[in-house]
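Contents: one structure, followed by commentary.
There are 2 protein chains.
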Amino acid sequence: MASSLEQKRHSLAHLLAAAVLEIWPDAKPTIGPAVDDGFYYDFDFSATVSEKEFPRIEKKMREILKVWQGFEKVEVSKEEAEKIFAGNQYKLELISEIAEKGEALTLYKSGEFTDLCRGGHVENCSEIDPESFKLIRVAGAYWRGDEKNKMLTRIYGFAFENKADLENYIVMQEEAKKRDHKKLGKDLDLFVFSEVVGKGLPLWTEKGATVRRELERFIVDEEIKRGYKHVYTPDIAKLDLYKKSGHYPYYKDSMYAPIKIDDEEFMLRPMTCPHHFELYLSKPRSYKELPMRIAEMAKLYRYEQSGELSGLVRVRSFCLADAHIICKDSVQAGEEVEKALDLIDYATKVFGIKLGTDYSYRLSLGDRKNTEKYFDDPQAWDLAEEELRKVLQKRGAPFIEVSAEAAFYGPKIDIQMKGVSGKEDTAFTVQYDFVMPKRFGLMYKDSDGVEKEALVIHRSSIGAIERVMAFLIEKYAGAFPTWLAPVQVVIIPVRENHNDFAQSVLEKLQKVCVRAELMSQDENLGKKVRAAKNDLVPYMLIIGDKEIEAESATLESRDKGNLGAMKIADIVNLIKEEIEEKK
Amino acid sequence: MASSLEQKRHSLAHLLAAAVLEIWPDAKPTIGPAVDDGFYYDFDFSATVSEKEFPRIEKKMREILKVWQGFEKVEVSKEEAEKIFAGNQYKLELISEIAEKGEALTLYKSGEFTDLCRGGHVENCSEIDPESFKLIRVAGAYWRGDEKNKMLTRIYGFAFENKADLENYIVMQEEAKKRDHKKLGKDLDLFVFSEVVGKGLPLWTEKGATVRRELERFIVDEEIKRGYKHVYTPDIAKLDLYKKSGHYPYYKDSMYAPIKIDDEEFMLRPMTCPHHFELYLSKPRSYKELPMRIAEMAKLYRYEQSGELSGLVRVRSFCLADAHIICKDSVQAGEEVEKALDLIDYATKVFGIKLGTDYSYRLSLGDRKNTEKYFDDPQAWDLAEEELRKVLQKRGAPFIEVSAEAAFYGPKIDIQMKGVSGKEDTAFTVQYDFVMPKRFGLMYKDSDGVEKEALVIHRSSIGAIERVMAFLIEKYAGAFPTWLAPVQVVIIPVRENHNDFAQSVLEKLQKVCVRAELMSQDENLGKKVRAAKNDLVPYMLIIGDKEIEAESATLESRDKGNLGAMKIADIVNLIKEEIEEKK
Numbered sequence: 078m079a080s081s082l083e084q085k086r087h088s089l090a091h092l093l094a095a096a097v098l099e100i101w102p103d104a105k106p107t108i109g110p111a112v113d114d115g116f117y118y119d120f121d122f123s124a125t126v127s128e129k130e131f132p133r134i135e136k137k138m139r140e141i142l143k144v145w146q147g148f149e150k151v152e153v154s155k156e157e158a159e160k161i162f163a164g165n166q167y168k169l170e171l172i173s174e175i176a177e178k179g180e181a182l183t184l185y186k187s188g189e190f191t192d193l194c195r196g197g198h199v200e201n202c203s204e205i206d207p208e209s210f211k212l213i214r215v216a217g218a219y220w221r222g223d224e225k226n227k228m229l230t231r232i233y234g235f236a237f238e239n240k241a242d243l244e245n246y247i248v249m250q251e252e253a254k255k256r257d258h259k260k261l262g263k264d265l266d267l268f269v270f271s272e273v274v275g276k277g278l279p280l281w282t283e284k285g286a287t288v289r290r291e292l293e294r295f296i297v298d299e300e301i302k303r304g305y306k307h308v309y310t311p312d313i314a315k316l317d318l319y320k321k322s323g324h325y326p327y328y329k330d331s332m333y334a335p336i337k338i339d340d341e342e343f344m345l346r347p348m349t350c351p352h353h354f355e356l357y358l359s360k361p362r363s364y365k366e367l368p369m370r371i372a373e374m375a376k377l378y379r380y381e382q383s384g385e386l387s388g389l390v391r392v393r394s395f396c397l398a399d400a401h402i403i404c405k406d407s408v409q410a411g412e413e414v415e416k417a418l419d420l421i422d423y424a425t426k427v428f429g430i431k432l433g434t435d436y437s438y439r440l441s442l443g444d445r446k447n448t449e450k451y452f453d454d455p456q457a458w459d460l461a462e463e464e465l466r467k468v469l470q471k472r473g474a475p476f477i478e479v480s481a482e483a484a485f486y487g488p489k490i491d492i493q494m495k496g497v498s499g500k501e502d503t504a505f506t507v508q509y510d511f512v513m514p515k516r517f518g519l520m521y522k523d524s525d526g527v528e529k530e531a532l533v534i535h536r537s538s539i540g541a542i543e544r545v546m547a548f549l550i551e552k553y554a555g556a557f558p559t560w561l562a563p564v565q566v567v568i569i570p571v572r573e574n575h576n577d578f579a580q581s582v583l584e585k586l587q588k589v590c591v592r593a594e595l596m597s598q599d600e601n602l603g604k605k606v607r608a609a610k611n612d613l614v615p616y617m618l619i620i621g622d623k624e625i626e627a628e629s630a631t632l633e634s635r636d637k638g639n640l641g642a643m644k645i646a647d648i649v650n651l652i653k654e655e656i657e658e659k660k
Numbered sequence: 078m079a080s081s082l083e084q085k086r087h088s089l090a091h092l093l094a095a096a097v098l099e100i101w102p103d104a105k106p107t108i109g110p111a112v113d114d115g116f117y118y119d120f121d122f123s124a125t126v127s128e129k130e131f132p133r134i135e136k137k138m139r140e141i142l143k144v145w146q147g148f149e150k151v152e153v154s155k156e157e158a159e160k161i162f163a164g165n166q167y168k169l170e171l172i173s174e175i176a177e178k179g180e181a182l183t184l185y186k187s188g189e190f191t192d193l194c195r196g197g198h199v200e201n202c203s204e205i206d207p208e209s210f211k212l213i214r215v216a217g218a219y220w221r222g223d224e225k226n227k228m229l230t231r232i233y234g235f236a237f238e239n240k241a242d243l244e245n246y247i248v249m250q251e252e253a254k255k256r257d258h259k260k261l262g263k264d265l266d267l268f269v270f271s272e273v274v275g276k277g278l279p280l281w282t283e284k285g286a287t288v289r290r291e292l293e294r295f296i297v298d299e300e301i302k303r304g305y306k307h308v309y310t311p312d313i314a315k316l317d318l319y320k321k322s323g324h325y326p327y328y329k330d331s332m333y334a335p336i337k338i339d340d341e342e343f344m345l346r347p348m349t350c351p352h353h354f355e356l357y358l359s360k361p362r363s364y365k366e367l368p369m370r371i372a373e374m375a376k377l378y379r380y381e382q383s384g385e386l387s388g389l390v391r392v393r394s395f396c397l398a399d400a401h402i403i404c405k406d407s408v409q410a411g412e413e414v415e416k417a418l419d420l421i422d423y424a425t426k427v428f429g430i431k432l433g434t435d436y437s438y439r440l441s442l443g444d445r446k447n448t449e450k451y452f453d454d455p456q457a458w459d460l461a462e463e464e465l466r467k468v469l470q471k472r473g474a475p476f477i478e479v480s481a482e483a484a485f486y487g488p489k490i491d492i493q494m495k496g497v498s499g500k501e502d503t504a505f506t507v508q509y510d511f512v513m514p515k516r517f518g519l520m521y522k523d524s525d526g527v528e529k530e531a532l533v534i535h536r537s538s539i540g541a542i543e544r545v546m547a548f549l550i551e552k553y554a555g556a557f558p559t560w561l562a563p564v565q566v567v568i569i570p571v572r573e574n575h576n577d578f579a580q581s582v583l584e585k586l587q588k589v590c591v592r593a594e595l596m597s598q599d600e601n602l603g604k605k606v607r608a609a610k611n612d613l614v615p616y617m618l619i620i621g622d623k624e625i626e627a628e629s630a631t632l633e634s635r636d637k638g639n640l641g642a643m644k645i646a647d648i649v650n651l652i653k654e655e656i657e658e659k660k
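So the protein lines, in turn, are chains A and B. The working numbering puts the first sequence at residues 78 to 660. The working numbering puts the second sequence at residues 78 to 660.
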């Protein structure tokens, strides 16, 4: 059997250490694992080693690779190991730890190089394509990640099966870097952070807020069309509520500390479910009201370590397009799951995201043995999992099944989305819940007059606004489609005497709710055009003598190039229609 | 000089006690003051006295009133007072307290009745119109408001100058009770409370949320049209932010306890200003960008004692239509105050609220002597107060000036609104701020290249969504104008075979974004019509054989009555236009 990519990457870490030691014999290798897209090795150098040295190190690595056969395993005593790594305090520290735990001390030898290692290499070094790896960057890293320890030098490399894969990945990374939503968020003035407001708490500028408002209104209106009842519920609630729902023990660590008000404790809500259930419980309910789709753009608060915070993707407060569908039975629940997936399909289609290419379905199951993490009711789990499986099979799209990825109250369908960096993440989920109805007593009077227990579907349509915004910024590389663009049209009069006509065009566009701006400042045409292009504005209207005479403007589209002179009325219609159709 | 209404009310409290003692000689009078709309007196009765006794008591009061002249003041020693009130432990307790403080003990005598009292009565009892008062209700009240003490019986009366004023007030109170937003909120299913979510934290049902969303979108869109930049900023921020702004010492008591996250303390924000200032500070600013109108539908959190919480009017979290306008100088600030008042005028006009009748302007000034409550800069106060005064004078509407009602950072214009109960309250404010720009360093580069300090206008357009909602529910008595109504049209097919056509009408209305509902259940016509009327739906479309034949419906307007049969297309246009014009 061929060795795995992980084994190749791990082997390359050894190769890197061997090469470094040949060039800098006094460097002290410490730890060097395989990672998601390659490998790294941390060294204690006496010299400063920069990225300029990479060609030299890579050349040496390829030389050594030619002569290495495989990795020879040797088990040694603590004393022998200490002798071999004498003078390298890092390896000595590891050796005593392994020995203390009573574990075997294993060395792996290839060519002249020996490393303390648990194993996991290629069978034969010829399996490694010498063009399949590339050193990428040097970074500082504390020994064992502890800032009290010495700062080491980490050399980091990409590694794939072959040269083509490696090159593809490098291109994708470069593109991802250009499209990084943190970078574009700043360049396009979409959101900012403030140290004194706090980490992980974005402030949305006018432009970012415009996109966000469009996204929010789009999904709220679409959901209402599909029979959702949009509500507003408070962002804080008594701790008792989360104890009643049973969330507290499972979510405690991701909730913020309670706020004492008089004699009661209040929490920043980490989820919306119990709030919606309390609304449901405000009146007796009949089967005629079901399915009841309670939806909200709900602000939620979940703890993230400050080191984990990142742009709009990892924040401490986010706004979820959330809903809870109260169903009368598993048949209705199945239908509602289908409809929820239809809505997700629709919304993603509007965003230009495709099932198969950009996202896929994952059926996340429970674990009957782990009754601590998952509610103990094997029959209910079987039923619910089968219901979701049937829904997915009916859709015909491929899906994978993963164990022990469910919520504590039931299985779920995860929509797994690939970002521009190629990394996959759960974007939205549709969850089946047979636990909350019991805890909250979510009952309804059926057609036969009997009080029955409902079922709940938890679902998000476009997920958290912050995350979908980050995703879309990167997907569009900041060039939002016209309906989402913060500024949709820039009107550029060639000279000052064209300002009045330009102003009248501005008003015509604003009247039909197009976000238009007039660049009437006394600057040269080229500068204005460049500014509009930098801002990735979908349309530019250039107005000079010729245009005014013909009641027209020269229309330049960001995506389709120069469309030539067109009548103002036609331009207004063209842009208005494009916005309405969200194409 | 004629006696004041307060003196009359106070005299009537004595009269009530005298009448009660004539009927129940062993009753013990305790305390009886004048209040906003009348008077009350608390008694310790051995018998149970209910509202059924009111005619008898009132009759006795009128008999005594005829014979009383005035109130004769007598100063007595502690011993004399104790002798007179022997056996009434309540009066004895008051006597020792007054004596302990070294104050004079004064009695007031009229006819046979003597009371321990500080004074403040009519000169002559003939000034009291015998038809100007009415006993209203009996209530339990602890002695001195302390629940550890005995429960006394409070008899409460309305009193005005004359019979006409009294009757007007009673009618207004009854109307207010019917229009009470708490009652209508429940009857019309607009919002609910949940004990386990917490007091003062409303949950908005679908219907209430629909009205709220319309209100929010209306004001956001209107503000954007007027050049506001709508943003989103976080609802929590580090305590440091409110220390930087200087709000903390002034607002501490109305802020909730800090939430510790890692080593930092975060607060639920009580105001938006510092958040918007941080946005302003995210880039260097030029005079060309000013005035910069930063606006937000901002969720705020302020402490209210649980006893003070009331429906949507006093809540613990509210959503303010807030904005901060950064201006380059006092001239620009004056212009922006004018524009803010114009916007308030416009919004209130849309709601049918009138300047003069429903609201008036109040100029709230600082207090140069109170430098603890108001920022110490007499010149800046003079300038700012004069600027606001000029704006109000220019508008020509009458306004009053009140001292020591300003914010700590500057004077403000308050829009004082009268609710249906006749009570006046501050609905919105426009504030002038010369302190925050200093604290935050809100600078801009002027046309001469020099960095200058800005000025800030704080303003709300329609205030807190919760309060404006409460106000509008009461103003409209639940009958929202069509553009705000949760359900705008109900379609009622006469019989089952009319359902298909009714469904097609529903779709036509929904297509142009009219909130329409179809009552297709198998219930009789009368019941359906009653349900729609109870819900105060603006329009009912009744569809039977005749209507289908003529492609029409019988249109019944909540406000204009039966409008007869009309073509469906005409009905759709009529309703659509009414919504768009918000009339």
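Every residue, glycine too, gets a C-beta built ideally from N, C-alpha and C. Owing to the predicted nature of the structure, the values given are computational and were not obtained by experimental measurement.
Beta-bridge partners of residue i, as assigned by DSSP
i, result
"residue 401 of chain B", "B:371, B:535"
"residue 570 of chain B", "B:620"
"residue 218 of chain B", "B:229"
"residue 192 of chain A", "A:185"
"residue 106 of chain A", "A:120"
"residue 314 of chain B", "B:344"
Residue i burial status per 10 Å Cβ neighbour count (16 or more: buried)
i, result
"residue 387 of chain A", "exposed"
"residue 508 of chain B", "buried"
"residue 572 of chain B", "exposed"
"residue 94 of chain B", "buried"
"residue 156 of chain A", "exposed"
C-alpha distance - residue i paired with residue j, whole-angstrom precision
i, j, result
"residue 287 of chain B", "residue 561 of chain B", "8 angstroms"
"residue 652 of chain A", "residue 650 of chain B", "25 angstroms"
"residue 297 of chain B", "residue 382 of chain B", "31 angstroms"
"residue 277 of chain B", "residue 426 of chain B", "30 angstroms"
"residue 303 of chain B", "residue 396 of chain B", "21 angstroms"
"residue 131 of chain A", "residue 89 of chain A", "14 angstroms"
"residue 365 of chain B", "residue 582 of chain A", "22 angstroms"
DSSP-derived helix/strand/coil call for residue i
i, result
"residue 513 of chain B", "helix"
"residue 472 of chain B", "helix"
"residue 384 of chain A", "helix"
"residue 131 of chain B", "helix"
"residue 394 of chain A", "strand"
"residue 205 of chain A", "coil"
Checklist line | Ordered list of beta strand (DSSP E) runs contained in the region 323 to 359 of chain A, each at least 3 residues | finding: The beta strand (DSSP E) runs lying completely inside the region 323 to 359 of chain A and spanning 3 residues or more are 336 to 338, 341 to 345, given in chain order.
Next item on the list: Tell me the start and end of each unbroken alpha helix (DSSP H) in the region 541 to 601 of chain A that is at least 4 residues and wholly inside, in chain order.
Entry: 542 to 553, 576 to 588
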